[in-house]
Structure formats: structure tokens, C-alpha cells
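Letter 231 of the sequence shown, counting from 1, is numbered 242 in the numbering used here, and no numbers are missing.
Note that the Cβ used here is the ideal one computed from N, Cα and C, for glycine as well.
Step one of this worksheet: look at the structure below.
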Amino acid sequence: MGRSAVHELVKSIFRETAARLRALGPDHEAAASHVEKASAHWMRRGDLGFIAKSESCLPPQKAEALLKGTIETYQEQDGRPLKEIFLHTHSGVSPEEYKGFLRAVPEGVKLISIRVRQDRGGQRLYRYDDHPDVGKRGQYPVQRGVFWQRTSRHGLLYTNGFKARIASYDGFEIPVPLSITIQFGEGDIVQVAKDILGLTKLNYNSCQLGEGRPITIKYSDRVGEIILANPGLPQTSWKHNFKYYA
12 MGRSAVHELV KSIFRETAAR LRALGPDHEA AASHVEKASA HWMRRGDLGF IAKSESCLPP
72 QKAEALLKGT IETYQEQDGR PLKEIFLHTH SGVSPEEYKG FLRAVPEGVK LISIRVRQDR
132 GGQRLYRYDD HPDVGKRGQY PVQRGVFWQR TSRHGLLYTN GFKARIASYD GFEIPVPLSI
192 TIQFGEGDIV QVAKDILGLT KLNYNSCQLG EGRPITIKYS DRVGEIILAN PGLPQTSWKH
252 NFKYYA
């Protein structure tokens with residue numbers, strides 16, 4: 012079954028679910044509306060893997076406008092001179108998009124585009140354990156913060172794993188690393204990984220010791236969910252602070 016056929020199949024499942032909920036009576040109208048919003052949300056985000064990569068790319072003009080608006084907001088709220096701008100994306104940036112972003116960057120400022128996404132189908136690291144009691148070996152996975160550099164522009168960062176502070180692992184599966192790739196621009200991949208690890212510690216709302224994704228990626232996903240669920244929401248009502256979405 013091709014992508015388009017699978018795409019249509021999933022859309023039909025969403026439609027049928029919403030129709031069945033409405034058939035149950037007015038009390039289920041809200042649930043049906045949520046299903047329809049979820050359908051639009053998942054299809055547009057491409058989380059199910061059915062959206063072609065080209066469909067998730069911004070035209071150069073929109074990429075330029077997006078970054079210009081972000082820089083303007085930064086200058087209004089902070090104002091310190093910029094030296095570098097890092098773009099964190101989980102779907103990647105096309106060469107055309109990068110050119111658009113580049114046009115928005117002030118003169119003398121570096122622009123580095125970094126793809127950050129979970130590497131579920133890739134390689135794994137296992138922790139060497141020589142505990143004298145054989146029965147206690149292999150109880151904990153690799154330590155959180157381990158970075159496996161594969162090339163000068165790519166590596167795997169374990170943002171989940173054994174946490175020395177609590178002397179335990181608070182997950183349920185073998186830790187899945189973040190695949191970090193510098194797509195465009197020049198940067199130190201080790202420093203990039205350190206920065207991303209630091210950005211997994213910024214969720215003060217939930218008081219978590221460390222999350223799997225950096226706040227930059229999680230925040231943008233949450234903002235996208237809200238905008239898709241409320242298409243009529245004016246930009247003047249948008250909240251830029253992390254605390255509203257973390």
C-alpha cells in the first residue's frame with residue numbers, strides 16, 4: 012500500500028470515528044470535534060510518517076519571515092547583540108529553507124541548522140557492568156548525558172538513562188538516543204550536544220530532572236498543537252514564554 016493510500020485510510024478512520032461519536036447523540040459532539048482536530052493535527056505534523064518530506068518544508072519567503080519575526084521578538088524582550096543563531100528542527104531543513112532563513116539573519120551573525128530527533132531504529136549502547144555479584148549486572152542502562160560522536164557533524168546523545176543524582180533509571184525501556192546532525196552552517200558538534208543536553212533541564216513547571224527532548228523541540232510542538240486546535244486565534248494572543256507550554 013502506497014503512502015497516499017495509507018494516508019487516505021487513516022483519514023477515513025478518523026472520519027468514521029467522529030461520525031460514530033456523533034451518532035451516539037449530542038453529548039458526544041465535543042468528543043467528535045476533538046477527533047477531527049486530532050486528525051488535522053497528526054496529518055499536518057506527519058507524526059504517522061505518511062507526509063512526504065517536501066510537504067513539511069517552508070518556502071524560502073516564509074522561512075525568512077518566520078526567522079525575522081523571531082529575531083524581532085528577541086530584540087524586543089532582550090536586545091543583546093546576536094553572535095550565533097541555532098535552528099533546532101526534528102524534520103530537518105531543506106537547502107531552499109536554509110537560504111530563506113539566511114536572508115533574515117543580521118550581518119555578521121552565524122546561522123547553524125541542527126536536526127534533533129529520536130533515533131528509534133538506529134544503534135544502541137549498553138553499559139559495561141563488572142559488578143562482583145553476577146546477578147546484579149546489567150540492572151541499569153547507559154548513563155544520561157553520554158554522547159557518541161559519529162562524525163564531525165553528527166552524533167547520538169543519550170538524554171535518557173541512568174541518573175547519578177537519584178542513583179537509578181526512571182524509564183521503562185532501553186534508552187533511545189537523540190540523533191543530532193548539523194545540517195547547515197559550521198559548529199562544534201560536541202558543544203552542540205552539551206547545549207541540547209542543557210535544554211532538556213529547563214522544564215521547571217514539571218520539576219523533572221531531565222527530559223528526553225530539549226525544550227526547543229518540545230515547546231515548538233506544543234505551540235503547533237495549540238495553533239492547529241485554534242486556527243482562529245490571533246497572533247496578539249500568542250504566548251511566547253516557555254512556561255505556558257512546558
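Per DSSP, reduced to three states, the secondary structure at S179 is strand. By alpha-carbon distance to G149, the top candidate from Y139, G156, P143, A175 is Y139. Within the segment 112-176, the runs of beta strand (DSSP E) that reach at least 3 residues and sit entirely inside it are, in chain order, 121-129, 158-162, 165-168. Taking C-alpha positions only, G221 is separated from F183 by approximately 15 Å. Q134 places its beta carbon 8 Å or farther from that of V187. Shown here, H99 sits in a strand according to DSSP, grouped into three states.
For P71, the CB contacts under 8 Å within the same chain, skipping 5 residues up- and downstream, are E107, E108, K110, G111, R114 in chain order. Per DSSP, L69 lies in no alpha helix (DSSP H) and is assigned neither H nor E. The alpha carbon of L122 has as its nearest neighbour, out of K94, G172, G132, R131, the alpha carbon of K94. In the assembly as shown, G223 is a buried residue. Its beta-carbon has 16 or more other beta-carbons within 10 Å. When only Cα atoms are considered, I193 and V145 end up about 41 Å apart. Between S102 and C68, the alpha-carbon positions lie close to 9 Å from each other.
Cβ contact annotation for V157 (same chain, cutoff 6 Å, sequence separation greater than five): Y169, in chain order. Taking Q86 as reference, the option from A74, V104, P117, K73 with the minimal CA-CA separation is P117. If the five residues before and after K79 are omitted, its C-beta is found closer than 6 Å to the C-beta atoms of A115, all from its own chain and listed in chain order. Per DSSP, I193 is not a residue of any alpha helix (DSSP H); the beta strand (DSSP E) it occupies stretches across 189-195. Short of 7 Å from the beta carbon of R155, and not among the five residues preceding or following it, lie these beta carbons of its own chain, in chain order: Y169, T170, N171, G172, F173, K174, G221.
Shown here, P186 sits in coil according to DSSP, grouped into three states, outside any helix or strand. Taking the Cα of D232 as reference, the smallest distance to any Cα among A43, T100, G166, K212 is reached at T100.
Less than 8 Å separates the beta-carbon of V127 from that of I207. Taking a 10 Å sphere around the C-beta of I96, we find 16 or more other C-beta atoms and assign the residue as buried. An exposed status is given to A34, since fewer than 16 other beta-carbon atoms sit within 10 Å of its beta-carbon. Rounded to the nearest angstrom, the gap between the Cα atoms of I185 and T211 is 19 Å. Judged by DSSP secondary structure, K94 falls outside any alpha helix (DSSP H); it is assigned neither H nor E. Look at G36 here: in three-state DSSP terms it is coil, with no helix or strand label. For R161, the closest alpha carbon among the candidates Y180, A178, K147, S190 is that of S190.
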